[in-house]
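Numbering (the working numbering), first residue to last: 98 to 364.
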Ligand SMILES: NC(=O)C1=CN([C@@H]2O[C@H](COP(=O)(O)OP(=O)(O)OC[C@H]3O[C@@H](n4cnc5c(N)ncnc54)[C@H](O)[C@@H]3O)[C@@H](O)[C@H]2O)C=CC1
Ligand SMILES: CCCCCC(=O)/C=C/C=C\C/C=C\C/C=C\CCCC(=O)O
């Protein structure tokens, strides 16, 4: 089990919702945490709140839009200057916007790739790094389709595929870095109201009742429950390439078939 005392973590999309919960559970377990978010006001307020609650200089906020390569790289350098190292990197920032779908891809998938590659370059043993762990936040919509949000679903399938491929690369090439994904069902955060917003859902607004019925099948999780899942993926040294599915009635590591299950067809 990885002990978090003295470790340095980075969490994107940390100003509210799941990111805030992830940052807090890492602080409670002894890590220092760099908070990254596009929302400067909420991020700075959270930095003050966390430093008061967990000790001065345990947290620092960096304004970063994860769709900007430059902002991400600059912040990473500043984090290294302040904290000296990065051991844990959680790519959590994500949006739902089916109308501005290229923006959604740039944040939800490309943002995860940007963060992961920055962390990997620093952590990789072949670069003189100390190893570490990366956790990418996907969704249950990264394992099965959410009809109202095809682009969001595509980005989350992308996050799961990227995480699994890179975890295998890490194992084969011995990077010394573990890479895992989280796949929670609905969680009680501001994001969950998106299904009711024409601005975010656009042409798929007519499917709102379908999402509502899915929400009855998968009742909402609380941020604190999902945060315990993050801690598991960070601490358990045996987990690499793991996808943790989380629902109200329980969590479990997803088993992916080694052979693709298929029904033969005549061609
Ligand atoms: N709430 C839910 O039901 C579920 C959420 N997720 C995923 O969890 C992650 C976090 O979602 P929530 O906390 O629910 O959302 P949220 O909307 O409550 O919080 C997202 C945070 O990300 C920040 N953010 C947005 N765009 C950004 C950008 N370009 N750069 C940096 N920060 C940015 C926002 O300012 C906000 O602080 C997302 O990746 C989401 O897809 C996964 C499954 C379920
Ligand atoms: C519109 C609000 C979106 C909230 C964000 C989010 O990512 C929520 C996802 C919740 C559920 C995922 C949707 C579809 C999953 C479909 C099938 C999975 C089957 C899993 C199983 O039955 O074991």
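Just so it is clear, CB atoms sit at the ideal spot from N, CA and C, and this is done for glycine as well.
This one's a predicted model, so the numbers in the text were calculated from it and none came from an experiment.
Exercise. Buried or exposed: residue 138, going by 16 or more other Cβ atoms within 10 Å of its Cβ?
Worked result: The count along the chain shown starts at 1 and reaches residue 138 at position 41. By the 10 Å Cβ count, residue 138 comes out exposed.
Exercise. In angstroms, rounded to a whole number, what distance separates the CA positions of residue 177 and residue 244?
Worked result: The residue labelled residue 177 in the question sits at position 80 within the chain shown. The residue labelled residue 244 in the question sits at position 147 within the chain shown. Each residue's Cα considered, the two are about 41 Å apart.
For this session: Let me know if residue 152 comes out buried or exposed under the rule of 16 or more other beta-carbons within 10 Å of its beta-carbon.
Result: Residue numbering aside, residue 152 sits at position 55 when the chain shown is read from its first letter. Burial call: exposed.
Exercise. What is the DSSP secondary structure of residue 287, reduced to helix, strand or coil?
Worked result: Position 190 of the chain shown, counted from the first residue, corresponds to residue 287. Helix, per DSSP.
Exercise. Considering residue 333, what are the terminal residues of the alpha helix (DSSP H) in which it resides?
Worked result: Residue 333 sits at position 236 when you count from the first residue of the chain shown. No alpha helix (DSSP H) contains residue 333, which DSSP labels as neither H nor E.
Problem set entry | Environment of residue 361 [buried if 16+ CB atoms lie within 10 Å] | Stepping through the chain shown from its first residue, residue 361 is reached at position 264. Burial call: exposed.
For this session: Decide if the stretch 330-346 is in contact with the stretch 288-296; the criterion is three or more beta carbon pairs, one per stretch, under 8 Å apart.
Result: Of all C-beta pairs linking the stretch 330-346 to the stretch 288-296, fewer than three are shorter than 8 Å, placing the two stretches out of contact.
For this session: Might you give, ordered along the chain, the residues of its own chain that have their beta carbon closer than 7 Å to the beta carbon of residue 198, omitting 5 neighbours on each side?
Result: Here the question's residue 198 lines up with position 101 in the chain shown. If we look at residue 198 and ignore the five residues flanking it on each side, its Cβ neighbours are 248.
For this session: Evaluate the contact criterion for the stretch 153-169 versus the stretch 225-240: three or more CB pairs, one atom per stretch, below 8 Å.
Result: Counting Cβ pairs under 8 Å, fewer than three are found: no touch.
Problem set entry | Segment contact flag, the stretch 201-208 with the stretch 303-314, C-beta cutoff 8 Å, min 3 pairs | no
Problem set entry | Through-space distance from residue 159 to residue 147, alpha-carbon basis | Position 50 of the chain shown, counted from the start, is the residue given in the question as residue 147. Position 62 of the chain shown, counted from the start, is the residue given in the question as residue 159. Computed Cα separation, rounded: 14 Å.
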